[in-house]
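Chains A and B supply the protein sequences, listed in that same order.
Just so we're aligned, residue 1 is where the first sequence starts under the numbering used here, counting upward by one.
Just so we're aligned, residue 117 is where the second sequence starts under the numbering used here, counting upward by one.
Glycine included, each C-beta is placed from N, C-alpha and C at the ideal position.
What follows is a single structure, written as structure tokens, with notes after it.
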Amino acid sequence: GNSVTQMEGPVTLSEEAFLTINCTYTATGYPSLFWYVQYPGEGLQLLLKATKADDKGSNKGFEATYRKETTSFHLEKGSVQVSDSAVYFCALSGNAGGTSYGKLTFGQGTILTVHP
Amino acid sequence: DVKVTQSSRYLVKRTGEKVFLECVQDMDHENMFWYRQDPGLGLRLIYFSYDVKMKEKGDIPEGYSVSREKKERFSLILESASTNQTSMYLCASRNDRGDNQPQHFGDGTRLSIL
Numbered sequence: 001g002n003s004v005t006q007m008e009g010p011v012t013l014s015e016e017a018f019l020t021i022n023c024t025y026t027a028t029g030y031p032s033l034f035w036y037v038q039y040p041g042e043g044l045q046l047l048l049k050a051t052k053a054d055d056k057g058s059n060k061g062f063e064a065t066y067r068k069e070t071t072s073f074h075l076e077k078g079s080v081q082v083s084d085s086a087v088y089f090c091a092l093s094g095n096a097g098g099t100s101y102g103k104l105t106f107g108q109g110t111i112l113t114v115h116p
Numbered sequence: 117d118v119k120v121t122q123s124s125r126y127l128v129k130r131t132g133e134k135v136f137l138e139c140v141q142d143m144d145h146e147n148m149f150w151y152r153q154d155p156g157l158g159l160r161l162i163y164f165s166y167d168v169k170m171k172e173k174g175d176i177p178e179g180y181s182v183s184r185e186k187k188e189r190f191s192l193i194l195e196s197a198s199t200n201q202t203s204m205y206l207c208a209s210r211n212d213r214g215d216n217q218p219q220h221f222g223d224g225t226r227l228s229i230l
């Protein structure tokens with residue numbers, strides 16, 4: 001079955017530091033890949049997505065590239081802000097040969113804390 | 117913007133009670149989902165519905181049931197609440213036009229079973 005593995009957290013950075021959160025996946029076929037963000041006390045919001053190999057998703061300064069050869073979708077940001085403090089989830093959707101109805105398989109989440 | 121509304125942000129119930137969690141979406145989405153979120157475990161799918169009156173079990177359906185009588189509303193039911201069902205519950209919806217369509221989430225219901 002499908003699975004998603006995220007880097008262990010929590011991650012603590014100073015403002016303006018470079019961020020990488022690793023995400024690798026196992027899936028058959030060609031899944032769509034997503035990053036969601038959860039701010040304190042809120043539900044999940046879509047941050048970015050990529051739907052085929054070599055696609056780059058980007059939003060709010062965050063980027064992630066769909067790498068089929070390494071089955072990875074690492075999240076990066078060049079300069080983090082205090083307001084980026086949140087939990088980040090990597091997820092995939094897709095089911096080779098059938099209809100998945102968009103069911104998502106999530107990683108365990110990575111807590112990011114950014115200090116001034 | 118898509119709006120997914122969960123009826124309660126916080127709920128406290130007692131062991132053995134029947135508990136209803138309600139979710140409403142305003143975008144005419146075909147698919148709706150219920151997850152629970154626990155620290156270190158990410159989000160786990162309880163049930164989903166791909167259309168009105170249609171439902172399928174997710175990864176952890178035991179102890180739960182669902183109802184979808186109208187397209188905009190998806191209810192999660194805890195038949196006889198137990199303390200191990202204390203958790204954050206998240207509802208989501210999406211349109212059914214391919215795997216690249218994202219899910220849209222509500223703000224969650226934090227449920228405590230005493």
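Where does residue i sit, in a helix, a strand or coil, going by DSSP?
| i | result |
| --- | --- |
| Ser93/A | strand |
| Gln201/B | helix |
| Asp84/A | helix |
| Arg125/B | coil |
| Gln141/B | strand |
| Thr105/A | strand |
| Asn211/B | coil |
| Pro22/A | Sequence inspection shows Asn at residue 22/A; the Pro mentioned does not correspond to that position. Coil at Asn22/A, not helix or strand. |
| Lys60/A | coil |
In angstroms with no decimal places, state the Cα-to-Cα distance between residue i and residue j.
| i | j | result |
| --- | --- | --- |
| Val221/B | Gln45/A | Reading the sequence as shown, one finds Phe at residue 221/B and not Val. Spanning the two alpha carbons is a distance of roughly 7 angstroms. |
| Tyr126/B | Glu69/A | 44 angstroms |
| Phe106/A | Ser191/B | 22 angstroms |
| Ser181/B | Asn22/A | 35 angstroms |
| Thr12/A | Ser85/A | 9 angstroms |
| Ser58/A | Ser196/B | 44 angstroms |
| Glu8/A | Gly109/A | 8 angstroms |
| Arg184/B | Asp55/A | 36 angstroms |
| Asp167/B | Phe18/A | 43 angstroms |
| His115/A | Glu15/A | 6 angstroms |
| Thr65/A | Lys173/B | 32 angstroms |
| Gly179/B | Gly158/B | 19 angstroms |
| Phe89/A | Glu146/B | 24 angstroms |
| Met170/B | Ala27/A | 26 angstroms |
| Pro177/B | Pro40/A | 27 angstroms |
| Ser198/B | Phe164/B | 22 angstroms |
| Gln141/B | Gln219/B | 12 angstroms |
| Thr24/A | Val4/A | 6 angstroms |
| Gly102/A | Ile162/B | 14 angstroms |
| Leu33/A | Gly43/A | 19 angstroms |
By the DSSP assignment, the beta strand (DSSP E) with residue i in it spans what residues?
| i | result |
| --- | --- |
| Ser14/A | 11-14 |
| Gly158/B | 158-167 |
| Val4/A | 3-6 |
| Ile176/B | It is not in any beta strand (DSSP E) - Ile176/B carries neither H nor E in the DSSP assignment. |
| Lys186/B | 180-186 |
| Arg189/B | 189-194 |
| Asp154/B | 147-154 |
| Arg226/B | 225-229 |
Is any heavy atom of the ligand NAP found at a distance shorter than 8 angstroms from the C-beta of residue i?
| i | result |
| --- | --- |
| Ser79/A | The model on display carries no ligand, and the ligand NAP is accordingly not part of it. |
Problem - Segment contact, 8 angstroms Cβ cut-off, at least three pairs: the stretch 129-148 of chain B with the stretch 71-90 of chain A - result: The answer is no - the stretch 71-90 of chain A does not touch the stretch 129-148 of chain B, with fewer than three Cβ pairs under 8 angstroms.
Practice task
Determine which residues of the stretch 153-166 of chain B have a Cβ less than 7 angstroms from any Cβ of chain A, and write them out in chain order.
Solution key: Residues of the stretch 153-166 of chain B that bring their beta carbon within less than 7 angstroms of a beta carbon in chain A comprise Gly156, Leu157, Gly158, Leu159, Leu161, Phe164, Tyr166, in sequence order.
Practice task
Tell me, please, whether the stretch 188-206 of chain B touches the stretch 147-158 of chain B by the rule of three or more beta-carbon pairs shorter than 8 angstroms.
Solution key: Yes, they touch.
Problem - Near-chain B residues of the stretch 48-70 of chain A (beta-carbon distance less than 7 angstroms), N- to C-terminal order - result: Answer in chain order: Lys49, Thr51.
Handout entry: Positions along the stretch 101-112 of chain A whose CB lies within less than 8 angstroms of some CB in chain B
Key = Those residues of the stretch 101-112 of chain A that come within reach of chain B (Cβ to Cβ, closer than 8 angstroms) are Tyr101, Gly102, Lys103, Leu104, Phe106, Gly107, Gln108, Gly109.
Problem - chain A contacts made by the stretch 217-229 of chain B, where a contact means CB separation under 7 angstroms - result: Under the 7 angstroms Cβ criterion, the stretch 217-229 of chain B contributes Gln217, Pro218, Gln219, Phe221, Gly222, Asp223, Gly224.
Problem - chain A contacts made by the stretch 179-208 of chain B, where a contact means CB separation under 9 angstroms - result: If the cut-off is 9 angstroms between Cβ atoms, the stretch 179-208 of chain B has Leu206, Cys207, Ala208 near chain A.
Practice task
Give the residues from the stretch 34-47 of chain A that approach chain B closer than 9 angstroms (Cβ to any Cβ), ordered along the chain.
Solution key: Answer set for the stretch 34-47 of chain A: Phe34, Tyr36, Gln38, Gly41, Glu42, Gly43, Leu44, Gln45, Leu46.
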